[in-house]
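Peer 1:
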Amino acid sequence: MSVKKGVISPTNINFTQRNKTTNSLSADKLFLEIRAGNRSALGRAITLIESTQSKHTEDANRLIEKCLPYSGKSFRLGITGVPGVGKSTFIEQLGLLLLQQNHKVAVLAIDPSSTRNKGSILGDKTRMEQLSAEKNAFIRPSPSAGSLGGVARKTRETIIICEAAGYDYILIETVGVGQSETVVRSMVDFFLLLMLAGAGDELQGIKRGIIEMADLIAINKADGENIPMAKLARQEYQNALHLFPLKDSGWQPPVLTCSAVTGKGIDDIFQQMEKYKTQTFASGFFKKNRKQQAKYWLDETIWDSLKKDFLSSEKIRTEFKKLEQAVINETLSPFAAAQQLLDLYKTGKS
Ligand code: GDP
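Residue 188 in my numbering sits at position 188 of the sequence shown, with consecutive numbering throughout.
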C-alpha cells in the first residue's frame, strides 16, 4: 500500500513503542488533538479503535464517549459498485467538489476481502492522490483484519471520531459483491450505487437487493463513445426502479449518468443528495433512520460480543463441533443441541 500525505496507514503505528516512550495515547489528549484538527492524531485514534488488543479497549471506549457529544452532524454517504466501476475516481471528484463547497471530507472503506496477508480490493492501489493532498480531506484505508461484523462496528465508531474532528461529509466505500453493502447501508444516510452501461446486473455482480437499497444509481463512465449506451442504461434502470415499492423515506431514487474522469454529472449527483437531505429532514425520516440505525447497532454489538464470548471457550468450540455433527446426522435435534451448549456456557460463567 502506498502511503501519501493525508493517508495514514494503520500499519505505521506501533503502540508498544508509543506506550513506552510517551503517554501521548491517552484518550483525553487524543481527543483534544482531534478536536484541534490534527489529522495525524485522528489516524492514531482510529488505529486505537481498530486495535484488537484488550489493553486498548478502555482507551478506545473513553475516546468514543468523549467524541459522542460532538458527533452526528455529518452527512454519511455509502458508495458501492463492482471493482473497476470507478469508485475511487468518483470519490476523488465528488470529494474535491465537496471541498469547494467548504465541507470537510473523510473517506473510509469497508472491504470484506481485506486481511493483512491477502491484500485488498480497495486498499492496495494508488488512490485519490489529489484528494489526499488536501488539508480538509482525510482518507483512511480499510481496516486490515477482522470479521465483517467486527470491521463494521469499528467503522461505525470511526465515523463518530471523524465527526468529532469536524468532518461533515463521511464517504464510506465498499465493493458491491457481498454482504458488506447491507452493513454499510445500516450506517449511512444515503446509499449510492455506481454502475456501468452495457454490462448486465449479473455480469456486474450486482444483486437485485443492492439495487433496491440504492437512493441514487449513477451510470459511470458516461464519456466519449459510451454516452449513448449510458443514456440507454439510465432509462432502463429508471424504468426498473419505478417497479419497486416506494421507500420508507418517501424518496424516489433517481438514475443519473456521470463521468468520474471528466467530472460531468457529479454536480447533479451532489444536488440530488442535497435535495434528499432537505426532503428527509423536513419529513423527519432522516432522524428516524438514524435512531433505527443506533438501535440496530446496539443489538448488533450485544449479539456480536455474546457470540464472541460464547465461542471463546475451547470446551464449547469442541462440543459445538460434536453436537453440530449429531444434528446433521439427525441423531439430535437442533433445539436439544442448542440447550446443551447454552447450559455448558452458563455453567462456565457461574
Ligand atoms: P474502482 O475499482 O471502482 O475504485 O475503480 P477506479 O476508480 O480505480 O477506476 C477503474 C478504472 O476505470 C481506472 O482506470 C479509471 O481511470 C477508469 N475510470 C473511472 N471512472 C471513469 C470514467 O468516468 N470514465 C472513464 N472513461 N474511465 C473511468
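C-beta atoms are modelled at their ideal positions from N, C-alpha and C, and glycine is treated no differently.
Keep in mind that this is a model prediction, so the values were computed, not measured.
Excluding the 5 residues preceding and the 5 following A338 in the sequence, name in chain order all residues of the same chain whose CB lies nearer than 6 Å to its CB.
Peer 2: What you label residue 338 is simply residue 338 of the sequence shown in a count that begins at 1. Setting aside the 5 residues that flank it on each side, A338 has no residue in the same chain whose C-beta is closer than 6 Å to its C-beta.
Peer 1: Would you call N117 buried or exposed, if buried means 16 or more other Cβ atoms sit within 10 Å of its Cβ?
Peer 2: Here residue 117 refers to the residue found at position 117 of the sequence shown. With a pLDDT of only 42 at N117, under 50, the local geometry of the prediction cannot be trusted, and no value is derived from it.
Peer 1: Taking Cβ positions only, does V261 come closer than 8 Å to chain B?
Peer 2: Given the protein chain composition of this structure (a single chain), no chain B is represented.
Peer 1: In this structure, does DSSP put G43 in helix, strand or coil?
Peer 2: As a working mapping, residue 43 is identified with position 43 in the sequence shown. If DSSP states are grouped into helix, strand and coil, G43 belongs with the helices.
Peer 1: Please return the same chain residues whose Cβ sits closer than 7 Å to the Cβ of Q238, not counting the five positions on each side in sequence.
Peer 2: Taking the first residue of the sequence shown as position 1, residue 238 is located at position 238. Only V255 meet the Cβ criterion.
Peer 1: Does DSSP classify Y276 as helix, strand or coil?
Peer 2: In the sequence shown, the residue the question calls residue 276 occupies position 276. Three-state DSSP puts Y276 in a helix.
Peer 1: I need the DSSP call for V255, collapsed to helix, strand or coil.
Peer 2: Position 255 of the sequence shown holds residue 255. In the structure shown, V255 sits in a strand (DSSP, three-state: E or B).
Peer 1: How far does the beta strand (DSSP E) with T262 in it reach, from first residue to last?
Peer 2: Sequence index remark: in the sequence shown, residue 262 carries index 262 (1-based). Taken as a continuous stretch (DSSP letters only), T262 belongs to no beta strand (DSSP E), as it is neither H nor E.
Peer 1: Opposite V107 in the DSSP bridges: which residues?
Peer 2: By 1-based counting over the sequence shown, the position of residue 107 is 107. BP columns for V107 point to I139 and L171.
Peer 1: Check whether the segment 208–228 and the segment 325–344 are in contact - that is, three or more C-beta pairs closer than 8 Å.
Peer 2: no
Peer 1: What do you get for P253, buried or exposed, if any count of 16 or more other CB atoms within 10 angstroms of its CB means buried?
Peer 2: What you label residue 253 is simply residue 253 of the sequence shown in a count that begins at 1. By the neighbour-count rule (16 or more Cβ atoms within 10 Å), P253 is buried.
Peer 1: For ligand 1, is there a heavy atom less than 7 Å away from the beta-carbon of S88?
Peer 2: The count along the sequence shown starts at 1 and reaches residue 88 at position 88. For ligand 1, at least one heavy atom lies less than 7 Å from the Cβ of S88.
Peer 1: For T52, name the three-state secondary structure that DSSP assigns.
Peer 2: The sequence position of residue 52 within the sequence shown is 52, counting from 1. Reduced to three states, the DSSP call for T52 is coil.
Peer 1: For the alpha helix (DSSP H) that contains L131, what are its first and last residues?
Peer 2: Numbered from its first residue, the sequence shown carries residue 131 at position 131. It spans E129 to S132 - the alpha helix (DSSP H) in which L131 sits, taken as one unbroken run.
Peer 1: Taking the CB atoms as reference points, tell me whether A260 and F90 lie closer together than 8 Å.
Peer 2: Counting from 1 along the sequence shown, the entry for residue 260 is found at position 260. Counting from 1 along the sequence shown, the entry for residue 90 is found at position 90. Their beta carbons are under 8 Å apart, which means A260 touches F90 by this criterion.
Peer 1: Taking S249 as the reference, give the member of Y70, L48, F286 and I46 with the closest Cα.
Peer 2: Here the question's residue 249 lines up with position 249 in the sequence shown. That would be F286, whose Cα lies nearest to the Cα of S249.
Peer 1: In the DSSP output, what is N38 paired with across the bridge?
Peer 2: As a first step, residue 38 is located in the sequence shown; it is residue number 38 there, counting from the start. According to DSSP, which records beta bridges pairwise, N38 is partnered with nothing at all.
Peer 1: Near L241, what residues of its chain come up, given a Cβ to Cβ distance below 6 Å and the 5 sequence neighbours on each side ignored?
Peer 2: For the purposes of this step, residue 241 is taken as residue 241 along the sequence shown, with counting starting at 1. Excluding five sequence positions before and after L241, the CB atoms of its chain that fall closer than 6 Å to its own CB belong to P253, given in chain order.
Peer 1: Select from V107, G348 and I79 the residue whose C-alpha is nearest the C-alpha of T174.
Peer 2: If you number the sequence shown from 1, residue 174 lands on position 174. If we check each option's Cα against that of T174, I79 comes out closest.
Peer 1: Ligand 1 heavy atoms versus the CB of G81: any closer than 7 Å?
Peer 2: Taking the sequence shown and counting its residues from 1, the one referred to as residue 81 is at position 81. Checking every heavy atom of ligand 1 against the Cβ of G81, one is found closer than 7 Å.
Peer 1: Out of curiosity, what's the CA-to-CA distance linking Q100 and L232?
Peer 2: Position 100 of the sequence shown holds residue 100. Position 232 of the sequence shown holds residue 232. Roughly 32 Å separates the two Cα atoms.
Peer 1: Note the first and the last residue of the continuous beta strand (DSSP E) segment covering F191.
Peer 2: Taking the first residue of the sequence shown as position 1, residue 191 is located at position 191. Taken as a continuous stretch (DSSP letters only), the beta strand (DSSP E) holding F191 covers F190 to L196.
Peer 1: Look at the Cβ atom of K154, then the Cβ atom of I227, and state whether they are nearer than 8 Å.
Peer 2: Within the sequence shown, the letter at position 154 stands for residue 154. Within the sequence shown, the letter at position 227 stands for residue 227. Their beta carbons are not under 8 Å apart, which means K154 does not touch I227 by this criterion.
Peer 1: Please name the residue, chosen from D268, I217 and M213, that lies closest to L98 on a Cα-to-Cα basis.
Peer 2: On the sequence shown, position 98 is the one that residue 98 refers to. For the residues D268, I217 and M213, the minimum Cα distance to L98 belongs to D268.
Peer 1: Starting from A432, trace the alpha helix (DSSP H) in both directions and tell me its first and last residue.
Peer 2: Since the first and last residues shown for the chain are 1 and 350, residue 432 lies out of range.
Peer 1: At a threshold of 7 Å, does V184 count as lining ligand 1 (C-beta to nearest heavy atom)?
Peer 2: Locating residue 184 in the sequence shown gives position 184, where the first residue counts as 1. Answer for V184: no, Cβ out of range of ligand 1.
Peer 1: Am I right that T182 and L108 are in contact with their C-beta atoms under 8 Å? What's the rounded C-beta distance?
Peer 2: Within the sequence shown, numbered from 1, the residue matching residue 182 stands at position 182. Within the sequence shown, numbered from 1, the residue matching residue 108 stands at position 108. Wrong, their Cβ atoms sit about 17 Å apart, outside the cutoff.
Peer 1: Report the rounded CA-to-CA distance for E314 versus G348, giving the unit in angstroms.
Peer 2: Stepping through the sequence shown from its first residue, residue 314 is reached at position 314. Stepping through the sequence shown from its first residue, residue 348 is reached at position 348. Rounded to whole angstroms, E314 and G348 show a C-alpha spacing of 11 Å.
Peer 1: For a quick check, are the C-beta atoms of Q130 and G263 less than 8 Å apart?
Peer 2: The count along the sequence shown starts at 1 and reaches residue 130 at position 130. The count along the sequence shown starts at 1 and reaches residue 263 at position 263. No. Outside cutoff.
Peer 1: Can you check whether the CB of D215 is closer than 8 Å to the CB of Y169?
Peer 2: The sequence position of residue 169 within the sequence shown is 169, counting from 1. The sequence position of residue 215 within the sequence shown is 215, counting from 1. Not in contact: Y169 and D215 (Cβ atoms no closer than 8 Å).
Peer 1: If the criterion is Cβ atoms closer than 8 Å, does the pair L351 and I210 meet it?
Peer 2: With the chain covering only 1 through 350, there is no way to say anything about residue 351.
Peer 1: With a threshold of 7 Å (Cβ to nearest heavy atom), would L231 be considered close to ligand 1?
Peer 2: Counting from 1 along the sequence shown, the entry for residue 231 is found at position 231. The question names Leu, but residue 231 in the sequence shown is Lys. Checking every heavy atom of ligand 1 against the Cβ of K231, none is found closer than 7 Å.
Peer 1: Would you check whether ligand 1 has a heavy atom nearer than 7 Å to the C-beta of D299?
Peer 2: Locating residue 299 in the sequence shown gives position 299, counting from the first residue. Not so, every heavy atom of ligand 1 lies at least 7 Å from the Cβ.
Peer 1: Would you say the beta carbon of N239 comes nearer than 7 Å to a heavy atom of ligand 1?
Peer 2: Looking up residue 239 in the sequence shown gives position 239. Checking every heavy atom of ligand 1 against the Cβ of N239, none is found closer than 7 Å.
Peer 1: With respect to the beta strand (DSSP E) encompassing A218, which residues constitute its N-terminal and C-terminal limits?
Peer 2: Within the sequence shown, numbered from 1, the residue matching residue 218 stands at position 218. Its beta strand (DSSP E) spans residues L216 to N220.
Peer 1: Which residue marks the beginning of the alpha helix (DSSP H) containing G81, and which one marks its end?
Peer 2: Here residue 81 refers to the residue found at position 81 when the sequence shown is read from its first residue. From DSSP, G81 is part of no alpha helix (DSSP H) but of the beta strand (DSSP E) over F75 to G81.
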